[in-house]
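Colleague:
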Amino acid sequence: MSSLRRLLLVDADPDVHHLLTGLLSRQDRSIQDVYHGREALDRVRSVPYDLVVADQGSNGFDGLKLLRRVREIRPDTKVILTGEPDPARVIGAIRERAYSYFHKPLPEGPLADMVQQALESSSWREDIKMLSARPDWITLDVRCKLEAVERMTHFLREVEAGFPPQAREDIAAAFRELLLNAVEYGGGSDPRKRVRISLVRTARSLIVRIQDPGKGFSMGLLPHAAISNPDDEPIRHLEVRSEHGQRPGGFGILMTRNLVDELVYNQRGNEVLFVKYLP
């Protein structure tokens with residue numbers, strides 16, 4: 007019983023409770039339901055939950071206020087907020103150290119995956135720090151951890167939820183690949199190091215800047231990347247990666263060039279900027 011994970015679901019809608027209970031139930035989880043934020047706080051005071059999944063409205067009790075109060079009572083309890091596809095709400099959730107945010111209607115697969123990741127996570131509270139919270143200019147520091155990459159990629163999807171679906175997915179895929187490169191190669195997957203990210207929205211584009219703490223690289227010296235493969239050996243980089251014990255992949259830069267409109271590296275090679283024009 008010591009490994010039992012406790013989840014608290016907070017939503018005014020019984021149908022949401024039914025959906026989440028069916029989606030998240032596991033033998034190693036105990037799930038409780040409440041319908042109001044104040045009742046949720048009473049439960050949190052009495053029981054150390056591993057995760058709270060709460061609607062942003064929480065039946066008249068503001069979700070961000072609930073998040074702050076849960077952090078005061080149980081600093082180690084993770085909170086995933088749900089609500090409207092509103093960039094301001096997502097930014098507020100990031101700033102207040104929510105583990106994640108999902109707009110309704112809830113995507114079942116991604117939400118279930120994020121819940122599992124949250125339950126497996128230990129040191130997480132400082133993984134994502136917001137430095138600028140303007141909706142048109144967001145700047146964050148992200149710890150060099152795979153878990154932080156997945157959280158940050160999902161936050162990006164939520165911040166840009168109003169974009170055309172294909173543009174949003176192109177941006178998210180390009181962002182994840184470049185952030186993985188920054189974390190793995192620039193930061194050496196060292197959680198003591200951090201990557202700086204800026205998301206700048208103009209009237210007709212999204213500009214993404216990623217700066218890693220590494221010494222950089224030369225674009226012509228990337229034997230582990232598909233972009234360096236000779237024409238007669240289109241998968242040569244996979245052999246190089248296998249020889250060095252690296253994860254399968256290496257298509258990041260090549261793929262990203264096909265997903266965004268402009269891709270530029272600085273001279274040192276530790277900073278990349280991409281632009282996606284919007285219809």
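Counting along the sequence shown from 1, when you hit position 273 you're at 279 in this note's numbering, and nothing is skipped either side.
Glycine included, each C-beta is placed from N, C-alpha and C at the ideal position.
Since Gln172 is in the alpha helix (DSSP H), which residue starts that stretch and which ends it?
Modeller: Element bounds for Gln172: 171-187.
Colleague: Would you check if the distance between the CB atom of Asn276 and the CB atom of Gly192 is smaller than 9 Å?
Modeller: Yes, the pair counts as a contact, with Cβ atoms nearer than the cut-off.
Colleague: If I measure Cβ to Cβ from Thr27 and keep anything under 8 Å in the same chain, skipping five residues before and after, which residues do I get?
Modeller: Result list for Thr27: Leu15, Ile37, Asp39, in chain order.
Colleague: From Pro171, Phe223, Glu166, Gly222, pick the residue whose C-alpha is nearest to that of Val214; which is it?
Modeller: Among Pro171, Phe223, Glu166, Gly222, the Cα nearest to that of Val214 is on Glu166.
Colleague: Along the beta strand (DSSP E) that carries Thr145, what are the first and last residues, could you check?
Modeller: Per DSSP, Thr145 belongs to the beta strand (DSSP E) from 143-149.
Colleague: Would you identify the three-state DSSP class for Leu30, choosing helix, strand or coil?
Modeller: Reduced to three states, the DSSP call for Leu30 is helix.
Colleague: Measuring CA to CA, which of Gly220, Ala180, Arg75 is closest to Ala104?
Modeller: Nearest option by C-alpha distance: Arg75.
Colleague: Grab the span of the beta strand (DSSP E) containing His109 for me, first residue to last.
Modeller: That run of the beta strand (DSSP E) goes 106-109.
Colleague: Does the region 146-154 come close enough to the region 190-206 to have 3 or more Cβ pairs within less than 8 Å?
Modeller: Yes, the region 146-154 is in contact with the region 190-206.
Colleague: Hey, Arg11 and Arg35 are a contact pair by Cβ (cut 8 Å); roughly how many whole angstroms apart?
Modeller: Arg11 to Arg35, Cβ: 5 Å. Contact.
Colleague: Cα separation between Ala180 and Ala124?
Modeller: Approximately 24 Å, taken between the alpha carbons.
Colleague: Does His24 pass the burial test, meaning 16 or more other C-beta atoms within 10 Å, or should it be called exposed?
Modeller: Per the 10 Å Cβ criterion, exposed.
Colleague: Measuring alpha carbon to alpha carbon, tell me which residue in Arg210, Glu156, Leu185 is nearest Ala173.
Modeller: Checking every option, the nearest Cα to that of Ala173 belongs to Arg210.
Colleague: Taking Ser52 as part of the alpha helix (DSSP H), name the residues at either end of that continuous run.
Modeller: Unbroken alpha helix (DSSP H) run through Ser52: 43-52.
Colleague: Give me whichever residues DSSP pairs with Gly289 in a beta bridge.
Modeller: Outside the displayed span of the chain (7 to 285) sits residue 289, for which this structure offers no information.
Colleague: Check Leu162 in the structure and name its three-state DSSP category.
Modeller: Here Leu162 sits in helix by DSSP.
Colleague: What is the rounded straight-line gap between the Cα of Leu30 and the Cα of Met120?
Modeller: Leu30 and Met120: Cα-Cα distance of roughly 11 Å.
Colleague: Check Lys84 in the structure and name its three-state DSSP category.
Modeller: Lys84: strand per DSSP, three-state reduction.
Colleague: Can you grab the Cα-Cα spacing for the pair Asn264 / Val189, in whole Å?
Modeller: Roughly 22 Å separates the two Cα atoms.
Colleague: What residues match up with Leu14 in a beta bridge as DSSP calls it?
Modeller: Per DSSP, Gln38, Val58.
Colleague: State yes or no: is the C-beta of Val85 within less than 9 Å of the C-beta of Val58?
Modeller: Going by C-beta atoms, Val85 is nearer than 9 Å to Val58.
Colleague: Count the other CB atoms within 10 Å of the CB of Lys282; is the residue buried (16 or more) or exposed (fewer)?
Modeller: Lys282 should be labelled buried.
Colleague: If distances are taken between C-alpha atoms only, which option among Ile259, Phe280, Met261, Leu260 comes closest to Leu269?
Modeller: For Leu269, the nearest C-alpha among the options comes from Phe280.
Colleague: DSSP puts Tyr283 in a beta bridge; with which residues?
Modeller: The partner list for Tyr283 (beta bridge, DSSP) reads Ser211.
Colleague: Where does Arg202 fall in DSSP's three states?
Modeller: It is a strand residue.
Colleague: Sort out for me which residues DSSP pairs Ile216 with in a bridge.
Modeller: Answer by DSSP bridge pairing, in chain order: Ile203, Val278.
Colleague: Assuming Thr88 contacts Asp61 (C-beta within less than 8 Å), just tell me the rounded distance between them.
Modeller: Going by Cβ atoms, the distance from Thr88 to Asp61 rounds to 5 Å, so yes, they are a contact pair.
Colleague: At the level of alpha carbons, what is the spacing between Met136 and Phe169?
Modeller: Between Met136 and Phe169, the C-alpha separation is close to 22 Å.
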